[in-house]
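Student: First to last, the sequence lines map onto chains C and X. Position one of the first sequence corresponds to residue 5 (our numbering), numbered consecutively onward. Position one of the second sequence corresponds to residue 35 (our numbering), numbered consecutively onward. Glycine included, C-beta positions come from ideal geometry on N, C-alpha and C.
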Amino acid sequence: MAKYEKKVGIISAVELKKPKYKAIYWSMYAFLILCVFVNLFPTIWIMLSGFKEVKEIYSVPPTLFPSEMSFSKLFEVWSQLKLGRNYLNSLFIVLGDVAFAIVVNALGGYVISKIKPKGTQLVFAIVVWTMLMPSAGRTVPIYMQIVDFPLIHVNMTNTYLPMWLMAGANCFNLLMFKNFFDSISISLVEAAKIDGATDIGVFWKILLPLSVPIITYVGINAAQGAWGAFFWPNIVIEDQNMIPMATKLYKMKSEAYTLDKQFLALIFSIIPSLLVFMIFQKQIMGGINVGGVKG
Amino acid sequence: MENKTTNIAAKAKTTRLHSIKKNVFGWILFAPFALLLYFFILRPQVIGIIYSLFDLVGFTPTSFVGFDNYVNVFTNSDFLKILTNTLKYVFWSLLIGYPLPVIMAIMLNEIVRGQSFFRVSVYIPTIVPTIAASLIWFFMYYPDQAGLLNAFLSLFGVEPFTWLQNENYTILLIVISCTWKGAGGTTILFLASLTSINQELYEAAIVDGAGFLARVKNITLPQISSMLVLGFVQQVISVFQIIEQPMTMTGGGPDGASMSMAYWAYKEGFEGFRIGNSLAISTITFTILILMTLFYFKLNKKLEENV
């Protein structure tokens, strides 16, 4: 039972034996159980209702579980709504966003942290200020540039490029990389160089393997963000064959699809995020701690 | 002797070369980020402010009109209502969404059994994509029997309620859905800083005979004060710019009751094609937020001086 011994927190282990503190302690559990219920139930309800026929959704008195749970309905809705296409589109956005978020911001963070060319301090100040700046007011001017990009006059509507490029211009990610590289000692690099390693060798053999945690953290965050991204794809992508999952959900709502189909589409949009979370749970929860302390 | 000076000169030359090489190499690697930062953050921000002083045909500024667009916005009969709406969003989110993560984090830090289960369960809504979260709550609030809340009411024979369609509650209900989606992530952040509080502080307080709430007030909250202030400011700034939730849940309705400043700017620009007005609205929002940020820095400085 030593595993469950109370070591940290406001209430001490000794006090827990008194009825008053016991009451506080257990009412915390009661509150948290309520929170968990509120957190999980809406999604579960949507999923269960997705399997119902529309008539059953409207039944009085309401039912919780569908009268029949046929998994063939999942496949039917999937193919009828052509969600495979939307999944693929979302995947394209995710892959591009992740690549830009990692490569561009890691390079930037590396320059500010380790190479430090002339003017680094000024650039660093600009980056920090930009991060604190509200984003209000950029939407329309960014759209002007997407329609007709300055200097090269390219129209980027109906491409995923705007989303990818914006994923690269992320000051928060750049600072995360900078902080991480700051924590890698320069002597490690110098030692490797004395041993005869080239710049490229140092990058591949030392920096890259050491950076796996930060790359994973930024990558997962970018992926989760890109998968759910709705605002810009909704503006930029007009071609119905190119819209991602998030925009599809919005379109389905305004095109008045039956409720059960909308419910199942919602569930389909959550599944990939949930899978990523389950696989990388440690990195996501741990990585946030790193960010919380440093940022 | 001569040999030595040439040696030093050569060395100086190589260091200079090395430093030039370092600068050039560094800025080349930094160029992709710098370009994206310029084109997708700095330039649009500045262009937006400048063009708000122009008359625009399509996206092209035609003539300088000074503050005409601003006058249009300020004299619009909706302006005060939408600004008030936006402040209502901020107010409700501070009342509901701000304390909840702190409370949950304190509790999570307190409990021993099942801590990791509760931590993960509390975090789960955060991974639901924003639009999916908005739509889940849209269906919870569905105005007929299909909505979860009305289905629940019907168990007690209560007639369906209009929820989001009721202009008195629509903002509050949207804020509740945002809190559902966002609280978990913030809770985990607070939890991280709670675990770093020195345990001896609590032990000393117990010896002094301080009760539970006294300990929360005098130790826990002051120890995480910088995060509390930062979280407060970040929340005000982000909620002030709320757009996706009203856009997907109510479309700004009923009768403009859930319209926010950011959504108004969007509608003026992308649906009304009144680009000048749209830019003026955004610039007003931007100015208000910049003033708030400056206020935060002043406050923060004061706090740091007091510590």
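Which chain X residues sit within Cβ distance under 8 angstroms of residue 111 of chain C?
Tutor: Ordered by position in chain X, the residues that pass the 8 angstroms Cβ test against residue 111 of chain C are 63, 64, 66, 67.
Student: Output the distance between the C-alpha atoms of residue 288 of chain C and residue 222 of chain X, rounded to the nearest integer angstrom.
Tutor: Their Cα atoms are separated by approximately 10 angstroms.
Student: Since residue 56 of chain X meets chain C, which of its residues come closer than 7 angstroms, beta carbon to beta carbon?
Tutor: Near residue 56 of chain X (Cβ distances below 7 angstroms), the residues of chain C are 119, 121.
Student: In chain X, which residues lie with their C-beta within 8 angstroms of the C-beta of residue 338 of chain C?
Tutor: Residue 338 of chain C is absent from the structure shown; chain C starts at 5 and stops at 299.
Student: What are the start and end residues of each continuous beta strand (DSSP E) run of 3 or more residues lying completely inside the stretch 63 to 134 of chain X, in chain order?
Tutor: Fully enclosed beta strand (DSSP E) runs of 3 or longer: 88 to 91, 94 to 98.
Student: For residue 113 of chain C, report the span of its alpha helix (DSSP H) as first-last.
Tutor: 87 to 114 is the span of the alpha helix (DSSP H), which, as asked, contains residue 113 of chain C.
Student: Using 8 angstroms as the threshold, is the C-beta distance between residue 246 of chain C and residue 93 of chain C below it?
Tutor: Yes, the Cβ-Cβ distance between residue 246 of chain C and residue 93 of chain C is below 8 angstroms.
Student: For residue 236 of chain X, go through chain C and note every residue whose CB falls closer than 9 angstroms to its CB, in chain order.
Tutor: Going along chain C in sequence order, the residues near residue 236 of chain X (Cβ under 9 angstroms) are 12, 13, 14, 15, 16.
Student: Does the beta carbon of residue 333 of chain X sit closer than 8 angstroms to a beta carbon anywhere in chain C?
Tutor: No, residue 333 of chain X lies away from the interface with chain C (no Cβ there is under 8 angstroms from its Cβ).
Student: Just to confirm the assignment, what range does the alpha helix (DSSP H) spanning residue 168 of chain X have?
Tutor: Looking at the DSSP string, the run of the alpha helix (DSSP H) that includes residue 168 of chain X is 164 to 174.
Student: Is residue 27 of chain C helix, strand or coil by DSSP?
Tutor: If DSSP states are grouped into helix, strand and coil, residue 27 of chain C belongs with the helices.
Student: Run the CB neighbour count on residue 42 of chain C, radius 10 Å, all protein chains shown included, and call it buried at 16 or more, exposed below.
Tutor: The residue in question, residue 42 of chain C, is exposed, as its Cβ has fewer than 16 Cβ neighbours within 10 Å.
Student: Is the beta carbon of residue 217 of chain X less than 8 angstroms from the beta carbon of residue 131 of chain X?
Tutor: Yes, the pair counts as a contact, with Cβ atoms nearer than the cut-off.
Student: By how many angstroms is the C-alpha of residue 52 of chain C removed from the C-alpha of residue 321 of chain X?
Tutor: Between residue 321 of chain X and residue 52 of chain C, the C-alpha separation is close to 46 angstroms.
Student: Going by the CB atoms, is the gap between residue 89 of chain C and residue 79 of chain X shorter than 8 angstroms?
Tutor: For residue 79 of chain X and residue 89 of chain C, no; Cβs fall outside 8 angstroms.
Student: At a CB-CB cut-off below 7 angstroms, which residues of chain X make contact with residue 140 of chain C?
Tutor: Chain X residues near residue 140 of chain C: 275, 296, 316, 319, 320, 323.
Student: For residue 86 of chain X and residue 314 of chain X, which I take to be in contact (beta-carbon distance under 8 angstroms), what is that distance rounded to the nearest angstrom?
Tutor: Contact flag correct, Cβ pair sits at about 5 angstroms.
Student: Keeping to the same chain, check which residues put their C-beta closer than 8 angstroms to that of residue 277 of chain C; ignore five residues upstream and five downstream.
Tutor: Excluding residues within five positions, the ones whose Cβ falls inside 8 angstroms are 228, 231, 232.
Student: Once DSSP output is grouped into helix, strand and coil, what is the label at residue 9 of chain C?
Tutor: Residue state, collapsed to three classes: coil.
Student: Would you call residue 282 of chain C buried or exposed, if buried means 16 or more other Cβ atoms sit within 10 Å of its Cβ?
Tutor: Exposed, because fewer than 16 other Cβ atoms sit within 10 Å of the Cβ of residue 282 of chain C.
Student: Name the chain X residues whose beta carbon is nearer than 8 angstroms to that of residue 108 of chain C?
Tutor: Within chain X, the residues near residue 108 of chain C are 66, 67, 70.
Student: Along the chain, which unbroken stretches of the alpha helix (DSSP H) at least 4 residues long are found entirely within the stretch 148 to 222 of chain X?
Tutor: Complete alpha helix (DSSP H) runs here, min 4: 149 to 161, 164 to 174, 182 to 189.
Student: At a Cβ threshold of 8 angstroms, is residue 162 of chain X touching chain C?
Tutor: Output row for residue 162 of chain X: interface = yes.
Student: At what residues does the alpha helix (DSSP H) containing residue 79 of chain C begin and finish?
Tutor: Start and end: 76 to 84.
Student: Assuming residue 125 of chain C is part of the alpha helix (DSSP H), what are its boundary residues?
Tutor: Residue 125 of chain C -> alpha helix (DSSP H) spans 124 to 136.
Student: At which residues does the alpha helix (DSSP H) containing residue 303 of chain X begin and terminate?
Tutor: From DSSP, residue 303 of chain X is part of no alpha helix (DSSP H); its letter is neither H nor E.
Student: Excluding five sequence neighbours on each side, which residues of the same chain lie with their C-beta closer than 8 angstroms to the C-beta of residue 15 of chain C?
Tutor: These residues qualify, in order along the chain: 25, 28, 29.
Student: Against residue 88 of chain X, what residues of chain C qualify as contacts under a CB-to-CB distance less than 8 angstroms, listed in chain order?
Tutor: By Cβ distance, chain C contributes nothing, its closest Cβ being about 12 angstroms from residue 88 of chain X, past 8 angstroms.
Student: Excluding five sequence neighbours on each side, which residues of the same chain lie with their C-beta closer than 6 angstroms to the C-beta of residue 265 of chain C?
Tutor: Only 81 meet the Cβ criterion.
Student: Confirm, please, whether the CB-CB distance from residue 142 of chain X to residue 225 of chain X is below 8 angstroms.
Tutor: Taking 8 angstroms as the Cβ cut-off, residue 225 of chain X and residue 142 of chain X qualify as a contacting pair.
Student: Could you tell me the distance, in whole angstroms, from the CA atom of residue 67 of chain C to the CA atom of residue 272 of chain X?
Tutor: If I take the Cα positions, the gap works out to 38 angstroms.
Student: Please report the Cβ distance between residue 167 of chain C and residue 236 of chain C, rounded to the nearest whole angstrom; I am assuming they are in contact, meaning their Cβ atoms lie under 8 angstroms.
Tutor: The pair is a contact, with the Cβ atoms about 6 angstroms apart (cut-off 8 angstroms).
Student: Under 8 angstroms, do residue 300 of chain C and residue 184 of chain C count as touching if we go by C-beta distance?
Tutor: Nothing about residue 300 of chain C can be reported from this structure: the residues present for chain C run from 5 to 299 only.
Student: For residue 184 of chain X versus residue 173 of chain X, is the C-beta spacing smaller than 8 angstroms?
Tutor: Result no, Cβ atoms of residue 184 of chain X and residue 173 of chain X do not sit closer than 8 angstroms.
Student: Answer yes or no: does any C-beta atom of chain X fall closer than 8 angstroms to that of residue 239 of chain C?
Tutor: By this cut-off, residue 239 of chain C is an interface position.
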